[in-house]
Amino acid sequence: SLYLRKICNQPLLKGLCETKSSLPMLDIDQDNFSVFPSLRGYHWRGRDCNDTDNSFYPGRRPEDWDLIRDSNCNGIWGFDPEDKIPYEKKFCDGTDSRGIMVLGDSAAAHFHIPPEWLTAINMSEQTFSNLPVAISNEFDWPQLSMYTGYQNSTIGGWTESIYLQLRKNNLCNHRDYQNLAKNGYSSDNLRNTNSLSRDQELDKPAVVFYAVIGNDVCNSHADTLKHMTTPKQMKLNVMTTLEHLDTLLPKGSHVVLVALAAGHLLWDILHDKYHPIGQLNKDVTYNQLYGFLSCLESNPCEGWMNKNETLRNLTTERANQLSDVLKEIAVSQKFHNFDVIYIGRIYERVFAKWRQMGKDPVDLIEPVDGFHPNQIASALGADLIWKEVVNMRPEVFGKNNPYNEEITAIFGDQGGH
Amino acid sequence: VSNRYTCIGCVLMVTIIEQLAQVHNNSVQEAMTTLCGYLPEEARLRSTCIVLAELFGPDLIKLINHKLNADVICHAVQLCSNDPVQPFCHVFQKPKAGLKRSIKYAQWILKESSIMRNTEFL
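Which chain is which? The protein sequence lines are R and U, in order.
Add 16 to a position in the first sequence, counting from 1, and you land on the number used in the numbering used here.
Add 320 to a position in the second sequence, counting from 1, and you land on the number used in the numbering used here.
Encoded structure:
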């Protein structure tokens, strides 16, 4: 911690350590988009295509149809020499182009500690090659995540995300993503979120996911129930955030409220399995690990990662109550610039689907922390959310762009994400 | 609980070193060198590891050679709390001789160790 404090005192790195900010550390033109991957750079939000001019950034409406420059960084610019029509106008005008953002917690940021780091049997120099990037990304892997992932997975499983689907649906949405999730965030932390970058006049609409799926019921206190968010607080927190979003999001945006996770599954699936540090000698189960963490008052979810069944049930009951608050808000509240929809029981359905495929549910949980959904669960979850929203409200993600093939033929990979 | 994260970190590190020595049939000293060698030089991770190995290595070797587990070792070097008011947290099964007795035994092994005297300062 001393080492970390020293790093945090460096003027350039101060922002990284401020809990409320999720803005890029290295951002020359201060437009909140960066050409640097980690430190809240383009692993977290679309890569800036000109970091010396703050009028270039992903998600803006094109300036002069990007006739001579790619102002919105989606890789589409210039004009067709045959008819002199700008490509951005030809391919993107009227195609419901939009971005995706996520306000969330460690699951949305894709917290992951590679099990190889703790497993002596296969350890090599290669094992820790990703440690510096992991540190500078707060041990999160947003570039592989359920909402904003785009890189091929290097941590097992595969990458599927809402951003990739939205991009596939309409290539004009290229690079328009912002992952504003932060480890440990609950609805209370999100009330004061100030990292979302969207100009109501200049930018395109967005689909914002509100995905704090555990920290309102998960804490490390021994008297955990007393520290959980109450339904009344939840309503106040979510409404405050939504009212704030109404002042930031362009008209025609959508907000998707995601229900809390099915944390009761953790104990049922893991308690008698061996943790990575116990696999060699078969001497540490998750039950033992959870007990050790509880003893140190460092259990990230005392309510669910606990051998006390009554406590686990009470935690589930509260989580259901908080999800009901989200559902009720989606039905009853109206906002000027966006509508609100609710998605429930994602992880229950992901687990059920995995079981139906004849697979072991252990494969869906992060092995080191025994707590977070892993790469496979995130990919399955993204697919499930996409399909559900498309079925329920097809206008949320917009229609398929008929010019996608032409865009690919002319602009290739559009300059990467 | 004071020094909770130091305790978790210590238990993990000692376990990894013990298991590296076991897997490669190496001495504890060699396992520590191997582990530090695996770390990248970026952000001074490798050199920090080497400094920690220099600092805690000799004591760690003594303790691991006495077949003491990570819980006992981390309490003995005071990276896990020995405060009588706080519980003695452990992740492995308690040793046959009991946790408190094993910790006392480990501390006896380290009685001449300068690191034991300096851990609080560290």
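Glycine residues also receive a C-beta, built at the ideal position from the N, C-alpha and C atoms.
Model, not experiment: these values are computed from the prediction.
Residue j beta carbon less than 8 angstroms from that of residue i
i	j	result
G172 of chain R	Q391 of chain R	yes
N185 of chain R	F413 of chain R	yes
K289 of chain R	Y302 of chain R	yes
A222 of chain R	V118 of chain R	no
I151 of chain R	A363 of chain U	yes
G75 of chain R	D262 of chain R	no
R61 of chain R	C89 of chain R	no
I381 of chain R	I285 of chain R	yes
I434 of chain R	Q337 of chain R	Because residue 434 of chain R is not part of the residues shown, which for chain R are 17 to 433, the question remains open.
Y358 of chain R	L273 of chain R	yes
I337 of chain U	M352 of chain U	yes
V271 of chain R	V233 of chain R	no
T246 of chain R	D204 of chain R	no
D379 of chain R	F412 of chain U	no
R191 of chain R	H433 of chain R	yes
S7 of chain R	F354 of chain R	Chain R is shown only over 17 to 433; residue 7 of chain R falls outside these bounds and no answer can be derived.
N231 of chain R	Y201 of chain R	yes
M139 of chain R	L365 of chain U	no
D86 of chain R	P102 of chain R	no
E79 of chain R	D399 of chain R	no
G319 of chain R	K343 of chain R	no
L388 of chain U	S422 of chain U	yes
N417 of chain R	L212 of chain R	no
Contact list for residue i against chain R, beta-carbon separation under 8 angstroms
i	result
L461 of chain U	No answer is possible for residue 461 of chain U: the residues shown for chain U start at 321 and end at 442.
C327 of chain U	L312
Contact set between residue i and chain U, taken where Cβ atoms lie within less than 7 angstroms
i	result
V300 of chain R	V411 and F412
M139 of chain R	L340 and Y358
I293 of chain R	L332 and T335
F308 of chain R	C409, H410 and V411
Residue i: contacting residues in chain R (beta-carbon distance under 7 angstroms)
i	result
R324 of chain U	L312, E313 and S314
I336 of chain U	L134 and A136
DSSP three-state assignment for residue i, whether helix, strand or coil
i	result
S17 of chain R	Confidence in S17 of chain R is poor, its pLDDT being 43 and thus under 50, which makes the residue's placement unreliable; the coordinate value appears in the next sentence. Note: S17 of chain R maps to coil in three-state DSSP.
D299 of chain R	coil
H410 of chain U	coil
P378 of chain U	helix
Q339 of chain U	helix
N185 of chain R	helix
S203 of chain R	helix
P389 of chain R	strand
Q194 of chain R	strand
A351 of chain U	helix
D69 of chain R	coil
T35 of chain R	With a pLDDT of only 49 at T35 of chain R, under the threshold of 50, the placement of this residue in the model should not be trusted; the figure read from the coordinates follows. Coil.
Y226 of chain R	strand
R85 of chain R	coil
F413 of chain R	coil
R324 of chain U	helix
F95 of chain R	strand
D399 of chain R	helix
Y425 of chain U	helix
R63 of chain R	coil
D219 of chain R	strand
E432 of chain U	coil
R366 of chain U	helix
R328 of chain R	helix
Cutoff 8 angstroms: residue i Cβ touching any chain U Cβ
i	result
E318 of chain R	no
L134 of chain R	yes
S113 of chain R	no
F144 of chain R	yes
L296 of chain R	yes
F127 of chain R	no
Q216 of chain R	no
Q304 of chain R	yes
G386 of chain R	no
Contact with chain R by residue i, beta-carbon distance below 8 angstroms
i	result
E362 of chain U	yes
Q349 of chain U	no
V343 of chain U	yes
P407 of chain U	yes
L332 of chain U	yes
Contacts that residue i makes with chain U (C-beta to C-beta distance below 9 angstroms)
i	result
P148 of chain R	P360, E362, A363 and L365
Listed by chain order, chain U residues near residue i by CB distance under 8 angstroms
i	result
I151 of chain R	A363
Residue i beta carbon near the ligand FAD (any heavy atom closer than 7 angstroms)
i	result
I423 of chain U	For the structure depicted, the ligand FAD is absent and the ligand set is empty, with no information on it obtainable.
Would you list, in sequence order, the uninterrupted alpha helix (DSSP H) runs of no fewer than 4 residues that lie entirely inside the stretch 333-380 of chain R? 362-372
Beta strand (DSSP E) runs wholly inside the stretch 100-157 of chain R, at least 3 long, in chain order: 115-120
What are the complete alpha helix (DSSP H) segments, minimum 4 residues, inside the stretch 239-296 of chain R? 247-262 and 280-286
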